[in-house]
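Residue numbers (this note's numbering): 1 to 636.
Heads up, the beta-carbon is just placed ideally off N, CA and C, and yes, glycines get one too.
What you are looking at is a predicted structure, and each value in this text was computed from that prediction instead of being measured.
In what follows, a single structure is set out as structure tokens and then discussed.
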């Protein structure tokens with residue numbers, strides 16, 4: 001009987017069995033074609049070449065756009081940027097089976113029985129490389145849809161153990177789209193967030209503009225909810241009426257959202273962590289409604305009639321539910337104290353009853369944190385202010401971002417391209433990066449599924465907004481196939497959008513032409529190249545050596561200068577020198593220069609022995625090329 005192993009020889013079969021014996025028995029497991037996998041991997045050295053005609057701005061370039069397979073690019077970046085990246089954001093293929101995922105140069109369709117396994121293997125190889133880029137306070141965000149959301153979470157847990165922060169949920173479109181036979185509109189996507197221990201979101205500054213300064217010696221105050229998100233069944237001991245002693249106005253408790261503070265009348269030996277309601281009232285820390293309507297009833301029947309007619313203060317509706325509470329108590333579904341804590345109806349006869357809602361005075365001087373945490377709930381930017389106010393977001397802050405239609409519309413205006421599928425809205429990426437970076441911290445942002453360059457655009461926009469020093473490294477492939485050999489997404493979409501963002505652009509509609517001012521900035525367009533290790537001494541070019549040396553020393557990239565005998569880059573406290581060819585005159589010059597230096601200097605040469613003989617400065621280190629690079633690449 002023919003099997004899928006017939007094409008393997010004895011050595012391949014032994015290796016396959018040994019690998020399976022070593023595989024872990026717990027965790028996410030996916031099918032792997034070991035031979036096909038090995039063909040996709042390689043031991044080639046990866047270098048970069050500078051493409052001047054597609055670059056924008058002048059050197060030194062801190063922003064980079066790399067054209068090439070992101071697996072190759074990540075191998076290169078892991079050498080040059082290990083533990084230096086603050087933020088990674090990626091929007092990988094969602095593996096929907098609709099020609100959105102290429103594996104080993106072939107699109108994977110819905111009928112491929114190994115579709116999910118191939119996607120997991122593809123992502124695993126890249127995420128394990130990306131993990132090493134993260135700084136001690138680094139974070140990675142990964143956008144994903146329903147098709148691979150669960151698998152990706154398990155994979156991320158495996159690649160980034162103990163680093164899970166949370167999952168953002170955002171609505172990607174405004175209209176409904178009933179899918180398949182289930183009559184379900186899948187409107188949401190997710191952004192998974194994993195980070196190293198030193199990471200924290202910046203949060204949002206609390207708004208004190210509405211603080212009240214009424215002369216109280218405790219200073220200005222803002223009001224917060226006096227109630228909590230628990231109902232009478234959950235917190236029956238927090239259901240009781242309160243009174244404004246200055247005006248003798250009473251307020252019924254909301255049965256669906258009881259008071260957040262206990263009353264002294266029910267303090268039966270329990271340890272109370274916060275103040276009693278009576279204490280707050282005595283200390284004038286309750287903000288009573290001003291100029292509100294009140295109701296007064298002479299009999300119980302008047303109260304019941306008003307409740308029935310819907311004209312009574314809203315919280316008196318608890319008396320409409322007494323029968324339900326009594327049944328729940330009788331069925332053992334509710335604590336008997338629920339009924340005991342509801343005052344009889346005649347308690348309200350003759351009292352002035354307020355229609356408003358008392359609030360809690362929070363003096364600014366007593367508030368320990370002046371910032372709100374970020375919510376994982378992302379709301380549409382189109383939501384109305386009144387709707388937002390109804391969500392009771394006093395203690396958290398939510399992102400408000402656009403739909404994918406915003407991303408599509410913006411890309412079309414910038415480069416006239418309507419074909420790029422569902423680019424993320426700029427507002428989503430911009431807010432994530434803003435929360436995860438320090439404007440003046442020289443933070444590096446990496447996106448190795450750069451696509452339409454939304455991440456790079458977001459970095460440029462943020463820097464223009466707050467005069468920040470963030471930089472980006474984007475990786476985008478050509479996405480060329482046998483059917484479209486000349487296709488180049490990196491050149492025709494990614495780079496084109498970045499140029500438009502930097503230099504400005506204009507778009508036209510029925511009302512005319514609309515110019516958009518450029519954000520400023522620069523980027524170097526570079527291609528990844530594979531060089532077989534056995535021929536690196538012959539095939540690696542001097543400019544490629546110079547690029548990686550500059551990046552290893554945490555500096556921007558400057559092009560290779562061809563009409564000088566050596567390349568040199570100086571900073572305030574250090575210097576690096578690269579010598580492509582050494583002759584007697586240059587040896588004397590470099591030796592004199594090195595022995596006179598007072599700053600830390602590294603000299604890279606193909607003939608280090610001659611230099612070491614004549615250099616005696618304790619500030620100078622001499623390294624051999626290309627062995628130094630091979631060692632760094634091999635020890636990745």
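Residue i, DSSP secondary structure in three states
i           : result
residue 450 : coil
residue 640 : One cannot answer for residue 640 here, as it falls past the ends of the chain, which runs 1 to 636.
residue 18  : helix
residue 514 : strand
residue 29  : coil
residue 465 : helix
residue 482 : coil
residue 436 : helix
residue 634 : helix
residue 623 : strand
residue 210 : coil
residue 183 : coil
residue 223 : strand
residue 504 : strand
residue 319 : helix
residue 476 : strand
residue 91  : coil
residue 294 : strand
residue 377 : strand
residue 400 : strand
residue 287 : strand
residue 509 : strand
Where the alpha helix (DSSP H) through residue i begins and ends
i           : result
residue 47  : Here residue 47 belongs to no alpha helix (DSSP H); instead the beta strand (DSSP E) covers 45-50.
residue 362 : Not the alpha helix (DSSP H): residue 362 falls in the beta strand (DSSP E), residues 359-363.
residue 325 : 322-330
residue 493 : Premise fails: residue 493 is in no alpha helix (DSSP H) and is neither H nor E.
residue 190 : No alpha helix (DSSP H) contains residue 190, which is instead part of the beta strand (DSSP E) from 188-195.
residue 415 : 404-415
residue 155 : 149-159
residue 618 : No alpha helix (DSSP H) contains residue 618, which DSSP labels as neither H nor E.
residue 67  : Note, residue 67: premise wrong, no alpha helix (DSSP H); beta strand (DSSP E) at 64-67.
residue 76  : 70-80
residue 337 : 337-340
Residue i classed as buried or exposed, judged by whether at least 16 other C-beta atoms fall within 10 angstroms
i           : result
residue 162 : exposed
residue 183 : exposed
residue 495 : buried
residue 35  : For residue 35, the predicted structure reports a pLDDT of 47, less than 50, and the residue's modelled location is therefore unreliable. A value from the coordinates is still provided. It counts as exposed.
residue 571 : exposed
residue 130 : buried
residue 292 : exposed
residue 549 : buried
residue 189 : buried
residue 62  : buried
residue 68  : buried
residue 402 : buried
residue 122 : buried
residue 55  : buried
residue 468 : buried
residue 370 : exposed
residue 252 : buried
Where the beta strand (DSSP E) containing residue i begins and where it ends
i           : result
residue 124 : Looking at the DSSP string, residue 124 is not in any beta strand (DSSP E); the run it does join, the alpha helix (DSSP H), is 115-131.
residue 135 : 134-144
residue 353 : 352-354
Test: residue i CB closer than 9 Å to a CB of chain B
i          : result
residue 71 : Reference to chain B is not applicable here, since this structure consists of a single protein chain.
Residue i beta carbon near the ligand PLP (any heavy atom closer than 8 Å)
i           : result
residue 173 : Among the components of this structure there are no ligands whatsoever, and the ligand PLP is therefore not found.
Whole alpha helix (DSSP H) runs in the region 228-279 with 4 or more residues, listed along the chain?
-> none
So does the region 451-463 actually touch the region 42-55, counting three or more Cβ pairs closer than 8 Å?
-> no
Segments of 3+ residues assigned as beta strand (DSSP E) that fall wholly inside the region 521-607 = 524-531, 567-570, 574-579 and 600-605
Take every Cβ of the region 540-550, pair it with every Cβ of the region 504-523, and state whether three or more of those distances are shorter than 8 Å.
-> no
Would you say the region 205-213 touches the region 224-231, given that touching needs at least three Cβ pairs under 8 Å?
-> no
Counting Cβ pairs closer than 8 Å, one from the region 437-445 and one from the region 457-475, do we hit at least three?
-> yes
So does the region 80-88 actually touch the region 132-141, counting three or more Cβ pairs closer than 8 Å?
-> yes
Does the count of Cβ pairs from the region 370-382 and the region 330-348 closer than 8 Å reach three?
-> no
Does the region 397-415 come close enough to the region 472-484 that 3 or more CB-CB pairs lie under 8 Å?
-> no
Are at least three pairs of beta-carbons, each pair with one atom in the region 302-321 and one in the region 275-291, less than 8 Å apart?
-> no
State whether the region 520-534 contacts the region 426-434, with contact taken as three or more CB pairs (one from each stretch) at a distance under 8 Å.
-> no
Three-pair Cβ contact test at 8 Å for the region 233-241 versus the region 255-267 = yes
Looking at C-beta atoms only, is the number of pairs between the region 148-164 and the region 190-202 that lie closer than 8 Å three or more?
-> yes
Do the region 356-364 and the region 146-153 touch if we need at least three Cβ pairs shorter than 8 Å?
-> no
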